[in-house]
Every structure is written in C-alpha cells, then in structure tokens.
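**Q**
Residue numbers (the UniProt record's numbering): 1 to 456.
#1: Quick test of the definition: if touching needs 3 or more C-beta pairs under 8 Å, does the stretch 78-88 touch the stretch 123-131?
#2: Going by DSSP, which residues form a beta bridge with residue 333?
#3: Under 8 Å, with one C-beta from each stretch per pair, do the stretch 306-319 and the stretch 397-417 reach the 3-pair mark?
#4: Tell me which same chain residues have a C-beta within less than 6 Å of the C-beta of residue 455, skipping the five on either side of it?
#5: For the beta strand (DSSP E) holding residue 228, just list the boundary residues, first then last.
#6: Compute the beta-carbon to beta-carbon distance between residue 59 and residue 35, rounded to the nearest angstrom, for a pair I have assumed lies under 8 Å.
#7: Which residues bound the beta strand (DSSP E) around residue 98?
#8: Tell me the DSSP bridge mates of residue 39?
#9: Run through DSSP, which three-state label would residue 271 get?
#10: Taking C-alpha atoms, which residue in 397, 251, 119 lies nearest to residue 285?
#11: Shorter than 8 Å from the beta carbon of residue 395 to some beta carbon of chain B?
#12: May I have the straight-line CA-CA distance separating residue 420 from residue 254, to the nearest angstrom?
#13: Tell me which same chain residues have a C-beta within less than 6 Å of the C-beta of residue 225, skipping the five on either side of it?
#14: Could you name the residues of the same chain whose beta carbon sits closer than 8 Å to that of residue 53, not counting the 5 residues immediately before and after it, in chain order?
#15: Let me check one thing: in DSSP terms, what residues is residue 430 bridge-paired to?
#16: Give me the Cα-Cα distance between residue 426 and residue 346, rounded to the nearest whole angstrom.
#17: What span of residues does the beta strand (DSSP E) with residue 377 cover, start to end?
#18: In terms of residues, what are the limits of the beta strand (DSSP E) holding residue 113?
#19: Check the DSSP bridge columns for residue 279 and list the partner residues they point to.
#20: So for residue 104, helix, strand or coil by DSSP?
#21: How many Å lie between residue 12 and residue 222 at the Cα?
#22: For residue 465, which of helix, strand or coil comes out of DSSP?
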C-alpha cells in the first residue's frame, strides 16, 4: 500500500494565529493556553474543507466551542451536508462506499482495507491509486523472448504470444504471490541472453535482451541506455542509475524573480530564496511540466487581485484593501475605510475591496480578473443574495453586491479563487496589513510581530 506520505492535520486555534494544515504530529503548534481543534486528514483538500467549514461557522456568529461541536459531528459522519466515505478492498466488495452503504457488506466478508475519508474526491483518488495493490486473480505469468511479466489481461499481450514461435510459457495463478514465484522460477530456468541492455525510461525500466529491447515503443522517453556482456555488470549499473532517474523531475517555478521549467531547483535557488510568493510544482515528465507552464502563461493575461477587509472596535471603521498583480508584481494597491453602522463589520470591507478592485481592473483595460479571497461570502453572494433571516443589513449588503457583480460581468470576466486565511504568503499578508491599517488598528505590531521589515 502507498503509505509514504506523512500524516496531515487540520489545526484550528481560537485566535486563528496558527490555523492551518500541518504535516506530521511533531510539527503541530504547542498552545496550552489557546483552545484549539485538531483533525487528522488524508490530504490538502480535506484540510482546506475543514478550515473553510470552521471559518464559515465563526463568520456566522458561532462561538469557538460551538464550532468545534459541529466539526465533531462531521468527523463522526453524522453531518448530512458533509458525509463521510469509506474506501474498502475485499474479495467481493471493493470501491468507495457511503456510511449507509458500508453497512450492507456482510460481517463475514474478509476485508483487506477499510479507510475513512471526509471528501468523495479524496476517497476516489485513494481508491484509484491503490486498487492494483489489492487485486485478486487471475494473474497470467508470461515468460518468452519477446515479453516477460505478470499480467491481468492476457488479451493485451496477445500479439506477442499468438503464434508461440518464441517458446512463450503461460501460467494462470489465483493470486499475485503465486504468480511472482512462478515467474521467478521460469526466469531462473531460462538461458541468459548474450547481451544485457540497461534501459531507464518513462514507462519501461529494467534489464532487457536484444529482442526484448525491440518491444519498447519508438516514441518512449528514454533517459538512460547502456549495453553489457555480463548480467552482474548490468545489475550493478541499473542499481546505481535507476534511483537517479527514478527521482528525475521537472519543476515549474513561478515568482516575481524567475519563471520557467527546471530540472534542478539548486540552479535557481538564489532567485527562489529572495522571491515573493514563489510557487513550485513538481512533474515527472517534461510534457506535463510544459502543459502546466503554458496554463500559467495563459493566466498571466489576466490580472490577479488579493482582497481583504477588517473592522476596528475602537474606531468603528470597516477597512478594505486590495492588490492588483500581473507577472508576479504588484502594479496597484489601494485601501480605504468607512464608518460601520451595521452588524456586518469586516464583511463591509471584504465586499468593498472586491467591488473596488473590479472597477480598477476595468479602468486599466483588463479583460479578466482572478480574485483571491478568504471570506466565504465573497463567492457565495456573487451568485445569489443572502437569505439571512436575522439580519436586514446582510440582505441589503448582499443585494447591492450581487447586483454589482452581475453588471460587472458584462465588462470583465470574473473568476474567484479561495485561499486560506493567515497563510503567511506575502501578498495575502500584505493586503491583510493594509486593511487593518485602513480601519485604524493601533495594534499592528501585535498582529505582525517580528515581521515589521516584511512590509517596509
């Protein structure tokens, strides 16, 4: 089973200062005097789902203890809006099941694996990645001059063994262990070829004889190839070079200092070290890296906006701020504030930031804007007005915002992208700083302790 990833945890603190996703239990913050909630998760998507769930509940006015009870209900699988799923591998029942469906599996069914997930997407991904490890037979052991190995579909290799001119040996086994033993036995009895070819490629890696080498498609990406007369030399060479090429990767790097596709991050380490909001994506093939890089280049035709709002109880001002960014550089930033006489507090600023950044993008001639936000209502209210029964301010504010977004779409393409709040990324922290400053917050040194030079 694929278990090489460190366990992940969603960490939610009452003051939200260290809220985030952490890898490894030893890396979780130690906050004995600060109430927190820790949830073990499978991947980044599940973690962000819980962080967004918690933030949404707190924005609706629930207290921290009330919020943690909601998350406990969800974690136990009793939240109908956020159900849990199970990945099951067994001889007769394998797949992704809901909490109700899992009860239908007979108690006497031998289950090889049962794992819980909080998102259907995460469960499906895990199932697809690990399905081959829990397959049951039949397995076909094939050993010949042209092809050797263990296969689950004999039809896929029919063209190699149809005439049996090369003395192909085919054996059907019920399980993978028996098939591996049979293949080893056949290979030990087979005469060694005179030439041994070490090949390390994208889909084909191993030691091949001359005939087997011909089976590798011409279009295959071959990283390394070398011929030997001795099998021992070939094995030593393969063991030496395979780890090098197995970990070979292509890195798509984007920052305000440098952008491109690289095979070694050390080559551009000085640029990465001093870059702002550096993004690095690892790919196994050059084709995947090129496709990702082309997508990033296409997005550069649009302007990216970071928005935030803040409320200061002392001044009773609702502040807003936004940044406009192209090619990983800030081309415009602005902030402002207004007296807050309703119960929306920082949400006034959040929505004002969105509307002002859209107007500025239209004024500058951009055809598309990607708005990165952390308040859930920014996207929710862009599609429909608030139905909050208790707050007339909410209904009025959301109506004005919804009508604005609807009219603005006639002039510019608008895309929303959710990000995690307080994630210590430069642009996100910068706009947060400006919004608090606009609201008249006099304790910025507390919010940004030890990071004053960061914004100078």
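Where a beta carbon is used, it is the ideal one built from N, C-alpha and C, also for glycine.
**A** So, to answer that:
#1: Flag = yes, the stretch 78-88 and the stretch 123-131 touch.
#2: As a working mapping, residue 333 is identified with position 333 in the chain shown. Answer by DSSP bridge pairing, in chain order: 323.
#3: These segments do not touch.
#4: Taking the first residue of the chain shown as position 1, residue 455 is located at position 455. Low local confidence applies: a pLDDT of 47 at residue 455 is under 50, so the model's placement there is unreliable, and no value is given.
#5: Counting from one through the chain shown, the residue named residue 228 turns up at place 228. Looking at the DSSP string, the run of the beta strand (DSSP E) that includes residue 228 is 222-228.
#6: Numbered from its first residue, the chain shown carries residue 59 at position 59. Numbered from its first residue, the chain shown carries residue 35 at position 35. Contact doesn't hold; Cβ gap of about 18 Å is too wide.
#7: To locate residue 98, count along the chain shown from 1; it is residue 98. Counting along the chain, the beta strand (DSSP E) containing residue 98 begins and ends at 95-98.
#8: In the chain shown, the residue the question calls residue 39 occupies position 39. In the DSSP output, where bridge partners are listed per residue, residue 39 has 10.
#9: Indexing the chain shown from 1 puts residue 271 at position 271. In the three-state reduction of the DSSP assignment, residue 271 falls in the helix class, which pools H, G and I.
#10: Counted from its first residue, the chain shown places residue 285 at position 285. Nearest of 397, 251, 119 to residue 285, Cα basis: 251.
#11: Of the protein chains in this structure there is only one, and it is not chain B.
#12: Against the chain shown, residue 420 aligns to sequence position 420. Against the chain shown, residue 254 aligns to sequence position 254. A straight-line Cα-Cα distance of about 19 Å links residue 420 and residue 254.
#13: Residue numbering aside, residue 225 sits at position 225 when the chain shown is read from its first letter. Counting only Cβ-Cβ distances below 6 Å, and skipping sequence neighbours, we find 199.
#14: Residue mapping note: residue 53 aligns to position 53 of the chain shown, counting from 1. Around residue 53: 70, 71, 74, 82.
#15: Numbered from 1 along the chain shown, position 430 holds the residue referred to as residue 430. The partner list for residue 430 (beta bridge, DSSP) is empty, contrary to what the question assumes.
#16: Counting from 1 along the chain shown, the entry for residue 426 is found at position 426. Counting from 1 along the chain shown, the entry for residue 346 is found at position 346. Cα-Cα distance, rounded: 21 Å.
#17: Position 377 of the chain shown, counted from the start, is the residue given in the question as residue 377. No beta strand (DSSP E) contains residue 377, which is instead part of the alpha helix (DSSP H) from 377-383.
#18: One-based indexing of the chain shown puts residue 113 at position 113. It spans 111-117 - the beta strand (DSSP E) in which residue 113 sits, taken as one unbroken run.
#19: For the purposes of this step, residue 279 is taken as the residue at position 279 of the chain shown. Answer is 254.
#20: To locate residue 104, count along the chain shown from 1; it is residue 104. Three-state DSSP puts residue 104 in coil, outside helix and strand.
#21: Reading the chain shown from its first residue, position 12 is the one you call residue 12. Reading the chain shown from its first residue, position 222 is the one you call residue 222. For residue 12 and residue 222, the distance between alpha carbons rounds to 47 Å.
#22: Because residue 465 is not part of the residues shown, which for the chain are 1 to 456, the question remains open.
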